[in-house]
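Colleague: After the structure tokens below, expect a handful of questions from me.
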Amino acid sequence: MKWKQMEILCIIIVSFFLILSVRMIYQPNADPEVNSFVSLSSDWYQIKNGERTDLELPCSVITNSDGEAILYNDTLTDADIGKFVSIRGVQNHLEIRLGDQLLYQYRDDNFQKNSQMKGKLWADACLSDKTGQEPLCLIFRGRQNSRLYVQAPLIGSYSDIIRHHFQESAFSILMVFGMIGLGIVSVIIYFYARHRKIAEKRFFDVAVFLILCSLWCILDSGIYQMYGKQSAAGTLVSFYAFMLMSVPILHFIQDTVSKSKRWIPQIWILLLYGNAVLQTVIHIILQVPFVHMLFVTHLILFTGVIAMILLLWREYQRSQTQVLGLCLKAFEVLGLSGVIALALYWIFSIYWYDAVFQFGIVLYIAFLFWGLLCKVSDDVQFRLEQAVYERMSLEDRMTGLKNRKAFEQAVNKIQTEAALLENVLLLFIEIDGLKKINDMYGLQRGDEAVIRTARSIRPVENGSYEQQVQCFRIEGDEFAVIVSNPQKTPAEWERFIKDELKKETTGGNRIHLKFGYSYLRKTDGTLVSISDWKMQADQMLLFNKEKESEDKYALL
5 MKWKQMEILC
15 IIIVSFFLIL
25 SVRMIYQPNA
35 DPEVNSFVSL
45 SSDWYQIKNG
55 ERTDLELPCS
65 VITNSDGEAI
75 LYNDTLTDAD
85 IGKFVSIRGV
95 QNHLEIRLGD
105 QLLYQYRDDN
115 FQKNSQMKGK
125 LWADACLSDK
135 TGQEPLCLIF
145 RGRQNSRLYV
155 QAPLIGSYSD
165 IIRHHFQESA
175 FSILMVFGMI
185 GLGIVSVIIY
195 FYARHRKIAE
205 KRFFDVAVFL
215 ILCSLWCILD
225 SGIYQMYGKQ
235 SAAGTLVSFY
245 AFMLMSVPIL
255 HFIQDTVSKS
265 KRWIPQIWIL
275 LLYGNAVLQT
285 VIHIILQVPF
295 VHMLFVTHLI
305 LFTGVIAMIL
315 LLWREYQRSQ
325 TQVLGLCLKA
335 FEVLGLSGVI
345 ALALYWIFSI
355 YWYDAVFQFG
365 IVLYIAFLFW
375 GLLCKVSDDV
385 QFRLEQAVYE
395 RMSLEDRMTG
405 LKNRKAFEQA
415 VNKIQTEAAL
425 LENVLLLFIE
435 IDGLKKINDM
445 YGLQRGDEAV
455 IRTARSIRPV
465 ENGSYEQQVQ
475 CFRIEGDEFA
485 VIVSNPQKTP
495 AEWERFIKDE
505 LKKETTGGNR
515 IHLKFGYSYL
525 RKTDGTLVSI
535 SDWKMQADQM
545 LLFNKEKESE
555 DKYALL
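Note that my numbering has the sequence shown beginning at 5, numbered continuously upward.
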């Protein structure tokens, strides 16, 4: 029930933050006339050979002999001063001007980017006090007489432009939140499995993979590239995260397949580490940008996914286990999304290739999670059943106290740890005349006597009288109490148990108990043997029984 309550609380917290995030991204404008942005799609024109050509954006334009495409717009007014103009297309070396005044020009930072990476970025520029006096000019550069696709710029307040950028990245943001959430769940399940003594390292591998994926998604996003203070350093970290994020999953595969096949994932682990080291050396020594070596990482990842699919398929054909089947489906989904993302990246140069791959990663992890959860659930159930069977084997069914087997285990443990213990008190307790009760009143009355005696002994084990106490039913009419480092005398113990027994046997059905005891250490501190320790308590119990019988005979 505690775990279910925690699960409900986690769902409520995640839902709250999800609603809060959506609210922040899609917050409605208080004053649309002031704060809302507009799409500047009409009234654009080009001047070619002294003639004006009107354009409606978005559209495709042809560069001139100098490789330039220049677009003008005269519709801005004084009311637009201080607003921001935002347009996607920095991959075409975009410049934004007001007449001769340069408002924006894309320049690579310390980390060179390719056109696909630039395609994620927006060019944001603040309109100066010349707005309304000079035409807005957009200059794109490419190859001579090439076709460029130009999107319509947005004009609005700075906060509205930023909110629009976050809306554009909403899918990737949700994917990142999903990865982080699954990563946290993986860590929780990993430690829970360890608490249950189940060695399931694959949850930790999944958590590391999701952390690296989240790091790559965040630092490689257009939002971070535009507004991050250390965008160049962040892009570098994202490259290393991308190069190494598959290593934990390859370790996952190693722990899933048979030992004879684990060398196959190890090859790609070494390739990925070697690729990261080699690219670092080439970049430092030969000054080759990382982006020019990106195809090597893509090639290793592509061949690795294909190899893992084939490996898992062969392993699944051999063993037909549910975990392997789900792993195989997961890699098929990841491979498909990866192929689509690579096609979008290399063939079509589409900037939102990463969203496809991110969605594939989330589906991939969902399949792996289901398989792992099923396995861990079965393992936990098996361990719980084992624990129940073990507890039942050490428990007396009638009284709920520990049985003879548990008593012998406790004695053996004391024998092992005797040198570390200050002292140990052993009490033997016997129901006087249980056989006579059974013969005269029936077995049911005898069982009631046993149960009532057990109830009178149990409170001391629950901590109401002393801390380190264990209670046992070792025979039909005999009980034992072991007290480690006792603080009370045997007489106090006897008095307490008899007082508890009086509460249990109100009325005429009185039960009489006999006691015997011994200490593991003598008064001088020397240890006695375990056999002598038990024998002394048994002899005292026998002595007390004989003495009481003699007293009764003398009275007669």
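A virtual CB, placed ideally from N, CA and C, is assigned to each residue, including glycine.
1) Exposed or buried, L290, counting other C-beta atoms within 10 Å across all chains shown (16 or more means buried)?
2) At which residues does the beta strand (DSSP E) containing E55 begin and terminate?
3) Jot down the residue ranges of each uninterrupted alpha helix (DSSP H) in the stretch 444-479, minimum 4 residues, whole runs only, in chain order.
4) Roughly how many angstroms lie between the CA atoms of K417 and I534, to the nearest whole one?
5) Using three-state DSSP, classify N77 as helix, strand or coil.
6) Compute the distance between the beta-carbons of Q474 and E465, then report whether it is under 8 Å.
7) Bridge partners of A484, per DSSP?
8) What is the DSSP secondary structure of N33, counted as helix, strand or coil?
9) I253 and F612 - do their beta-carbons sit closer together than 8 Å?
10) Determine the extent of the alpha helix (DSSP H) in which V154 is found, giving its start and end residues.
11) Could you give the first and the last residue of the continuous beta strand (DSSP E) run that contains H158?
12) Can you name, in chain order, every residue of its own chain whose Cβ lies under 7 Å from the Cβ of K87, other than the five neighbours on each side?
13) Would you tell me roughly how many angstroms separate the C-alpha atoms of D542 and V532, rounded to the nearest one?
14) Rounded to whole angstroms, what's the CA-CA distance from F207 to Q120? Just pull it up for me.
15) Closer than 8 Å, CB to CB, is Q258 near chain D or not?
16) What would DSSP say about K124, mapped onto helix, strand or coil?
17) How is the alpha helix (DSSP H) around K406 delimited, first residue to last?
18) Excluding the 5 residues flanking K365 on each side, which residues of the same chain have their C-beta closer than 6 Å to its C-beta?
19) So, under 8 Å CB-CB, L430 and W537 are touching, yes? Tell me the CB distance rounded to an integer number of Å.
20) Could you work out which residue in S264, L248 and H302 is closest to V281 when comparing CA atoms only?
21) Check each candidate in K233, I273 and K265 and name the one with the smallest Cα separation from V251.
22) Are there 16 or more other CB atoms within 10 angstroms of the CB of P62, so buried, or fewer, so exposed?
23) Taking buried to mean at least 16 other C-beta atoms within 10 Å of its own C-beta, is E504 buried or exposed?
24) Round the Cβ separation of A458 and R477 to the nearest angstrom and send it over; I've been treating them as touching at under 8 Å.
25) Could you have a look at G226 and say whether DSSP puts it in helix, strand or coil?
26) Among K333, L298, V295 and F294, which residue has its Cα nearest to the Cα of I310?
27) Pop quiz: S235 and Y228 are said to be a contact at Cβ under 8 Å. What is the actual Cβ separation, rounded to whole angstroms?
28) Between the C-alpha atoms of L102 and L152, what's the straight-line distance to the nearest angstrom?
29) Ends of the alpha helix (DSSP H) at Y194?
30) Determine which residues share a DSSP beta bridge with W48 and list them.
31) Could you spell out the range, first to last residue, of the beta strand (DSSP E) harbouring D88?
32) So, is N279 buried or exposed, given that buried needs 16 or more other C-beta atoms within 10 angstroms?
33) Rounding to the nearest angstrom, what Cα-Cα distance links D358 and R395 in this structure?
34) Spatial neighbours of I17 within its chain, please: C-beta separation below 6 Å, excluding the five flanking residues on both sides.
35) Using the three-state DSSP reduction, which class does S250 fall into: helix, strand or coil?
36) Pull up the distance between the alpha-carbon of P494 and that of F411, whole angstroms please.
Modeller: Well, looking at it:
1) In the sequence shown, the residue the question calls residue 290 occupies position 286. By the 10 Å Cβ count, L290 comes out exposed.
2) As a position in the sequence shown, residue 55 is number 51, starting the count at 1. Unbroken beta strand (DSSP E) run through E55: E55 to L59.
3) List check, alpha helix (DSSP H) in window: 447-465.
4) For this step, residue 417 is matched to residue 413 along the sequence shown. For this step, residue 534 is matched to residue 530 along the sequence shown. One C-alpha to the other measures close to 11 Å.
5) Numbered from its first residue, the sequence shown carries residue 77 at position 73. Strand.
6) Along the sequence shown, one-based indexing puts residue 474 at 470. Along the sequence shown, one-based indexing puts residue 465 at 461. Yes, Cβ-Cβ distance for Q474 and E465 is below 8 Å.
7) The residue labelled residue 484 in the question sits at position 480 within the sequence shown. Residue pairing from DSSP places A484 in a beta bridge opposite F432 and F476.
8) As a working note, residue 33 is residue 29 in the sequence shown. In this prediction, N33 scores a pLDDT of 45, lower than 50, which makes its location untrustworthy; the coordinate-derived value is nonetheless stated afterwards. Coil at N33, not helix or strand.
9) Residue 612 lies beyond the range of the chain shown here (5 to 560); nothing can be said about it.
10) Translated into positions along the sequence shown, residue 154 becomes position 150. Counting along the chain, V154 sits inside no alpha helix (DSSP H); it lies in the beta strand (DSSP E) bounded by residues R151 to V154.
11) Locating residue 158 in the sequence shown gives position 154, counting from the first residue. A quick correction: the sequence has Leu, not His, at residue 158. Unbroken beta strand (DSSP E) run through L158: L158 to G160.
12) What you label residue 87 is simply residue 83 of the sequence shown in a count that begins at 1. Around K87: L131, I159, G160 and S161.
13) As a first step, residue 542 must be located in the sequence shown, where it is residue number 538. As a first step, residue 532 must be located in the sequence shown, where it is residue number 528. If you take the alpha carbons of D542 and V532, they lie about 15 Å apart.
14) Numbered from 1 along the sequence shown, position 203 holds the residue referred to as residue 207. Numbered from 1 along the sequence shown, position 116 holds the residue referred to as residue 120. So the alpha carbons of these two residues sit roughly 33 Å apart.
15) Any reference to chain D falls outside this structure, which holds one protein chain only.
16) The residue labelled residue 124 in the question sits at position 120 within the sequence shown. K124 falls in the coil class under three-state DSSP.
17) As a working mapping, residue 406 is identified with position 402 in the sequence shown. No alpha helix (DSSP H) holds K406; DSSP gives it neither H nor E.
18) Sequence index remark: in the sequence shown, residue 365 carries index 361 (1-based). In the sequence as displayed, the identity of residue 365 is Ile instead of Lys. Non-local beta-carbon contacts of I365 in its own chain, meaning distances under 6 Å to residues more than five positions away in sequence, involve C217 in chain order.
19) The residue you call residue 430 lines up with position 426 of the sequence shown. The residue you call residue 537 lines up with position 533 of the sequence shown. Indeed, because the Cβ distance is near 6 Å, the residues count as touching under 8 Å.
20) Counting from one through the sequence shown, the residue named residue 281 turns up at place 277. Closest by alpha carbon: L248.
21) As a first step, residue 251 is located in the sequence shown; it is residue number 247 there, counting from the start. Comparing Cα-Cα distances from V251 to each of K233, I273 and K265, the minimum goes to I273.
22) The sequence position of residue 62 within the sequence shown is 58, counting from 1. Answer is exposed; the Cβ neighbour count stays below 16.
23) As a working mapping, residue 504 is identified with position 500 in the sequence shown. E504 is buried by the Cβ-count criterion.
24) For the purposes of this step, residue 458 is taken as residue 454 along the sequence shown, with counting starting at 1. For the purposes of this step, residue 477 is taken as residue 473 along the sequence shown, with counting starting at 1. Between R477 and A458 the Cβ distance is about 6 Å, and since that is below 8 Å, they are a contact.
25) For the purposes of this step, residue 226 is taken as residue 222 along the sequence shown, with counting starting at 1. Helix.
26) Start at 1 with the first residue of the sequence shown, and residue 310 comes out as number 306. I310 has its Cα closest to that of K333, out of K333, L298, V295 and F294.
27) Working through the sequence shown from its first residue, we reach residue 235 at position 231. Working through the sequence shown from its first residue, we reach residue 228 at position 224. 7 Å between Cβ atoms; contact.
28) Along the sequence shown, read from residue 1 onward, the residue named residue 102 stands at position 98. Along the sequence shown, read from residue 1 onward, the residue named residue 152 stands at position 148. Approximately 22 Å, taken between the alpha carbons.
29) In the sequence shown, counting from the first residue as 1, residue 194 sits at position 190. Counting along the chain, the alpha helix (DSSP H) containing Y194 begins and ends at A174 to H199.
30) On the sequence shown, residue 48 is found 44 positions in, with the first residue counted as 1. L59 and N77.
31) Position 84 of the sequence shown, counted from the first residue, corresponds to residue 88. It is worth fixing the name first, because residue 88 is Phe in this sequence and not Asp. Counting along the chain, the beta strand (DSSP E) containing F88 begins and ends at F88 to R92.
32) In the sequence shown, the residue the question calls residue 279 occupies position 275. So N279 ends up on the buried side.
33) Locating residue 358 in the sequence shown gives position 354, counting from the first residue. Locating residue 395 in the sequence shown gives position 391, counting from the first residue. The alpha-carbon atoms of D358 and R395 are separated by roughly 53 Å.
34) Looking up residue 17 in the sequence shown gives position 13. Within the same chain, I17 has no close Cβ partners at all.
35) On the sequence shown, position 246 is the one that residue 250 refers to. S250 sits in coil when the DSSP states are folded into three classes, being neither helix nor strand.
36) Within the sequence shown, the letter at position 490 stands for residue 494. Within the sequence shown, the letter at position 407 stands for residue 411. Counting only the Cα atoms, F411 lies some 19 Å from P494.
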